[in-house]
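Enquirer:
Residue numbers (our numbering): 2 to 229.
#1: With DSSP run on the structure shown, which of helix, strand or coil describes residue 79?
#2: In this structure, how does DSSP classify residue 198 when only helix, strand and coil are distinguished?
#3: Am I right that residue 56 and residue 132 are in contact with their C-beta atoms under 8 Å? What's the rounded C-beta distance?
#4: Tell me which residues share the same chain as residue 51 and place their Cβ nearer than 7 Å to its Cβ, disregarding the 5 neighbours each side in the sequence.
#5: Once the 5 residues before and after residue 184 are set aside, which same chain residues still bring their CB inside 6 Å of it?
#6: Under the three-state reduction of DSSP, which class applies to residue 277: helix, strand or coil?
#7: Which full runs of the beta strand (DSSP E) of 3+ residues lie inside the segment 5-75, going along the chain?
#8: If I follow the unbroken beta strand (DSSP E) through residue 127, where does it start and stop?
#9: According to DSSP, is residue 212 part of a helix, a strand, or is it coil?
#10: Measuring alpha carbon to alpha carbon, tell me which of 171, 100 and 109 ends up nearest residue 138.
#11: Taking DSSP as the reference, what is the three-state secondary structure of residue 206?
#12: From this set, 174, 129, 96 and 108, which residue's C-alpha is nearest residue 164's C-alpha?
#13: Mind checking which residues open and close the beta strand (DSSP E) that includes residue 110?
#14: By Cβ distance, which residues of its chain are closer than 8 Å to residue 228, with the 5 residues on each side in sequence left out?
#15: Residues in the same chain with beta-carbon distance under 8 Å from residue 49, minus the five sequence neighbours each way, listed in chain order, please.
#16: Kindly list the residues whose CB is nearer than 8 Å to the CB of residue 210, restricted to its own chain and excluding five residues on each side of it in sequence; keep chain order.
#17: Using a Cβ-Cβ cut-off of 8 Å (strictly less than) and excluding sequence neighbours within five positions of residue 74, which residues of its own chain qualify?
#18: Under the three-state reduction of DSSP, which class applies to residue 185: helix, strand or coil?
#19: Return the residue from the list 70, 206, 76 and 29 that minimises the CA-CA distance to residue 155.
#20: Closer than 6 Å by C-beta to residue 140: which residues in its own chain qualify, once you throw out the five before and the five after it? Chain order, please.
#21: Residue 217 by DSSP, collapsed to three states: which one?
#22: Measuring alpha carbon to alpha carbon, tell me which of 195, 148 and 53 ends up nearest residue 173.
Structural data, given as structure tokens:
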């Protein structure tokens with residue numbers, strides 16, 4: 002079934018508050034917790050229990066230079082035991098920090114770069130069946146270098162980061178051929194390839210609201226009971 006032009010405005014995900022009966026933290030981690038929640042789909046429906054990761058969310062940056070190349074970074078990821086080609090990204094773990102400011106901070110810390118021009122490229126829930134993690138990917142252009150004296154000292158896995166500039170079309174091929182697996186990188190290069198077709202004019206401004214991020218939700222407070 003095709004979506005007509007008149008229906009596109011309503012063809013979107015939406016918040017769907019349900020009756021929350023109970024919520025508890027079953028594991029407190031260094032970065033994120035595992036919570037268990039009991040809820041019902043309707044006001045008088047049966048009780049359902051789901052465990053999931055409560056995540057602060059993250060931002061990522063697809064950097065595009067004047068030569069049509071995107072920046073990929075190679076970093077070891079222990080849960081999958083692989084070194085992945087990714088894009089600069091990081092947690093939203095500084096209270097009160099604007100989303101785009103967090104993206105600029107991560108770009109400086111992981112790639113020693115600045116950018117003058119920012120747009121929202123794509124928004125994602127990375128694993129909505131098991132995690133509340135929301136990710137906003139920005140397109141950054143107008144690239145500059147962070148001064149040597151101001152550069153971040155990278156540690157642990159980040160100390161091994163390798164940077165590589167790759168033609169956007171080559172990055173798309175790598176995604177479609179299964180040679181890169183990072184969800185943020187795959188989504189970003191595919192979205193950028195589509196957006197490039199009309200000169201990126203349809204991209205959203207960097208300060209576009211992000212109501213899907215958990216910090217912007219006004220429903221499902223912990224310990225509360227909500228009625229439909």
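Beta carbons are placed, not taken as given, at the ideal position from N, Cα and C, and that holds for glycine.
Expert: So, to answer that:
#1: Helix at residue 79.
#2: coil
#3: 5 Å
#4: Result list for residue 51: 38, in chain order.
#5: Non-local beta-carbon contacts of residue 184 in its own chain, meaning distances under 6 Å to residues more than five positions away in sequence, involve 127 in chain order.
#6: Because the chain in this structure spans residues 2 to 229, residue 277 falls outside the shown range and cannot be described.
#7: As far as the segment 5-75 is concerned, its whole beta strand (DSSP E) runs of at least 3 residues are 20-29, 34-41, 49-55 and 59-64.
#8: Note, residue 127: premise wrong, no beta strand (DSSP E); not H, not E.
#9: coil
#10: 100
#11: Residue 206: strand per DSSP, three-state reduction.
#12: 108
#13: Residue 110 -> not in any beta strand (DSSP E); alpha helix (DSSP H) instead, spanning 100-112.
#14: Here the model assigns residue 228 a pLDDT of 43, short of 50, so the residue's position is not dependable, and the following value carries that caveat. Closer than 8 Å at Cβ, skipping near neighbours: 20 and 44.
#15: 39, 40, 41 and 42
#16: 217
#17: Excluding residues within five positions, the ones whose Cβ falls inside 8 Å are 86, 87, 88, 89, 111, 112, 162, 163, 164 and 165.
#18: helix
#19: 76
#20: 63, 120 and 122
#21: helix
#22: 195
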